[in-house]
Amino acid sequence: MSVNEVILYPVFNQIFSSIEHPEGMYEYLGDQLGRDCMISRYKDGWMRMYEGDGTRNEDWYTWGANVLAPFNGMVKSTYINPVTNTPGSLIPGRASSIVFIREDNVHVTYAHVMDISVSEGETVTAGQVVAKAGNNGYSRHPHIHVGAWINDTPLQIRFDLKVMGEQLKQLGEIGYLC
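Following this note's numbering, the numbering of the sequence shown begins with 1 at its first residue and continues without gaps.
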């Protein structure tokens, strides 16, 4: 089976890592070929995702970070789960989420968001702040899940590396990881 891909605006305007969902790992369309994205920082000689022991959401660099729209398009739907998980624990259930749609029918979902600042039917621009990163639904720590599809076909997600480079230049972090 061939895999189609989509290039999206980076989910954060900071250095972040992502864990990919390989083909066959999950059966649901928004999970298939998805990515879980977490902000990382260089501390004490290592890339880390949190300060201290990571037992509080506030310890995680991703917690409360601005989440950016994946492309120019429209908000198809939003969902709010009012329960916030504690790192290391899991309260199963649907995550707070935003589903975006582009003119070519590409859909993208962001899950585990909080403080959603857009509404159904609203037009968004790539890079616009649409929410904050949270920890809810099927999640053990703050992160943003990104899933993409067109019709019934999951899409492999790539982030625009040119935009990421421009973001790092603005932050003065080019060469930071070397």
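Cβ atoms here follow ideal geometry from the backbone N, Cα and C, with glycine treated the same way. Here the structure is a predicted model, which means the values were calculated and not measured.
Per DSSP, cross-strand counterpart(s) of residue i
i      : result
GLN128 : Its beta-bridge partners do not exist; DSSP assigns none.
ALA38  : Going by the sequence as given, residue 38 is Met instead of Ala. Paired residue(s): SER17.
TYR50  : TRP60
VAL6   : ILE157
Burial state of residue i (16 or more Cβ within 10 Å)
i      : result
VAL83  : exposed
TYR110 : buried
GLY172 : exposed
LEU68  : buried
SER139 : buried
ASN57  : buried
GLY165 : exposed
GLY88  : exposed
GLY24  : exposed
CB-CB length for residue i against residue j, believed under 8 Å
i      : j      : result
ILE39  : TYR61  : 4 Å
VAL75  : PHE100 : 6 Å
ASN136 : SER96  : 5 Å
ILE116 : ILE80  : 7 Å
TRP46  : PRO142 : Contact flag wrong, Cβ pair sits at about 19 Å.
### Query
If you scan the stretch 63 to 95 from start to end, which runs of the beta strand (DSSP E) of 3 or more residues do you find wholly inside it?
Correct list: 66 to 68 and 73 to 79.
#### Entry: Length-filtered (3 minimum) beta strand (DSSP E) runs lying within the stretch 96 to 164
Counting only unbroken stretches of 3 or more residues, the beta strand (DSSP E) elements lying wholly within the stretch 96 to 164 are 97 to 101, 106 to 111, 129 to 133, 144 to 150 and 156 to 159, in sequence order.
#### Entry: Touch test, the stretch 153 to 173 against the stretch 32 to 50, Cβ-Cβ under 8 Å, three pairs minimum
They touch, by the three-pair rule.
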